[in-house]
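Q: Heads up, the sequence shown is in full-length UniProt numbering, so the first residue is 1 and it goes up one at a time.
Cβ atoms here follow ideal geometry from the backbone N, Cα and C, with glycine treated the same way.
None of the values given here were measured: they were computed from a predicted structure.
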Amino acid sequence: MKILVIGGTGLIGSRVIANLTGLGHEALSASPRSGVDAVTGEGLADAVAGAHTVVDVSNSPSFEDEPVMHFFTASTRNLLDAERAAGVRQHVALSIVGADRARESGYMRAKCAQEKLIEESGCPYSIVRATQFFEFVDAIADSATDGNTVRLPHAAFQPIAAEDVATAVTRAAIGQPRNGIINIAGPEKSGMDDFIRTRFAATGDRREVVTDPEARYFGAVLDDHSIVPVDADDATIYPTRFGDWVASHPQS
Numbered sequence: 001m002k003i004l005v006i007g008g009t010g011l012i013g014s015r016v017i018a019n020l021t022g023l024g025h026e027a028l029s030a031s032p033r034s035g036v037d038a039v040t041g042e043g044l045a046d047a048v049a050g051a052h053t054v055v056d057v058s059n060s061p062s063f064e065d066e067p068v069m070h071f072f073t074a075s076t077r078n079l080l081d082a083e084r085a086a087g088v089r090q091h092v093a094l095s096i097v098g099a100d101r102a103r104e105s106g107y108m109r110a111k112c113a114q115e116k117l118i119e120e121s122g123c124p125y126s127i128v129r130a131t132q133f134f135e136f137v138d139a140i141a142d143s144a145t146d147g148n149t150v151r152l153p154h155a156a157f158q159p160i161a162a163e164d165v166a167t168a169v170t171r172a173a174i175g176q177p178r179n180g181i182i183n184i185a186g187p188e189k190s191g192m193d194d195f196i197r198t199r200f201a202a203t204g205d206r207r208e209v210v211t212d213p214e215a216r217y218f219g220a221v222l223d224d225h226s227i228v229p230v231d232a233d234d235a236t237i238y239p240t241r242f243g244d245w246v247a248s249h250p251q252s
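1. If we ignore side chains and look at the alpha-carbon of each, how far apart do residue 54 and residue 90 end up?
2. By DSSP's criteria, residue 73 is part of a beta bridge. Which residues make up the other side?
3. Please determine if the region 110 to 123 and the region 143 to 159 are in contact, where contact requires at least 3 C-beta pairs separated by less than 8 Å.
4. Grouping DSSP H, G and I as helix and E and B as strand, with all else coil, what is residue 125?
5. Is the distance from the Cβ of residue 183 to the Cβ of residue 235 below 7 Å?
6. Alpha carbon to alpha carbon, how far is residue 135 from residue 245? Give it in angstroms, no decimals.
7. In this structure, does DSSP put residue 205 in helix, strand or coil?
8. Can you give me the C-alpha to C-alpha distance between residue 42 and residue 211, rounded to a whole angstrom?
9. How would you label residue 233, buried or exposed, when you count the other beta carbons within 10 angstroms and need 16 or more for buried?
10. Residue 129 and residue 96 look like a contact to me (Cβ under 8 Å); what is the Cβ gap, rounded to whole Å?
11. Measure from the alpha carbon of residue 28 to the alpha carbon of each residue in 39, 1, 40 and 11, then state which is nearest.
12. With C-beta atoms as the reference, is residue 24 less than 7 Å away from residue 57?
13. Are the beta-carbon atoms of residue 219 and residue 106 separated by less than 7 Å?
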């Protein structure tokens, strides 16, 4: 089966390509680097030709409100149009658990707009909503840093390893369209501040983590339901534990 991966050179996309290739599928990577720009539409028609499934794991280079909204809406419209013209059988997109519950964040609003375009497109689809990746904990800490202080909420946080996200996306790509959402998360849930403290203890980072319920996460104030699966029965829990990941990733 020919599967086109938009953003196939990135953190998740490269792993999805490797997974699909290992399973015997023809997995092709598409990105601006390869002459395919979903935001402008450049190269899309040729890239999607003959593809059974298109997987979109691309990400915006900017998290500012207007650019990120433009990125996700323009690229998704262009992809869906090209897929309809080429007779693609399934569109798979990676999104975020709780995006619709953290709309104060411009990034989350953009992901919701992306999901809405897919859901209303009439194209067969599967949306994989993941919690935050272990690989982003350092960036989360940096975004909340002021001097030597990191201000973070104790809001529930249930991150997942990128390898597990790639596994879920791969399964969606080779499976039947859900025409709905697949929620995935890691096996441990605790406060966001505590996860960062665990990371700092392992890396020797001397910044002080201060628990602040008003601290914003990319523009949104979080509570214990914002960015974790609300219904445990409606989420697939993947096995990699944060402590094991930290031990194998001593530095960012």
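A: Short version:
1. 6 Å
2. In DSSP, residue 73 forms no bridge with anything.
3. no
4. strand
5. yes
6. 9 Å
7. coil
8. 46 Å
9. exposed
10. 6 Å
11. 1
12. no
13. yes
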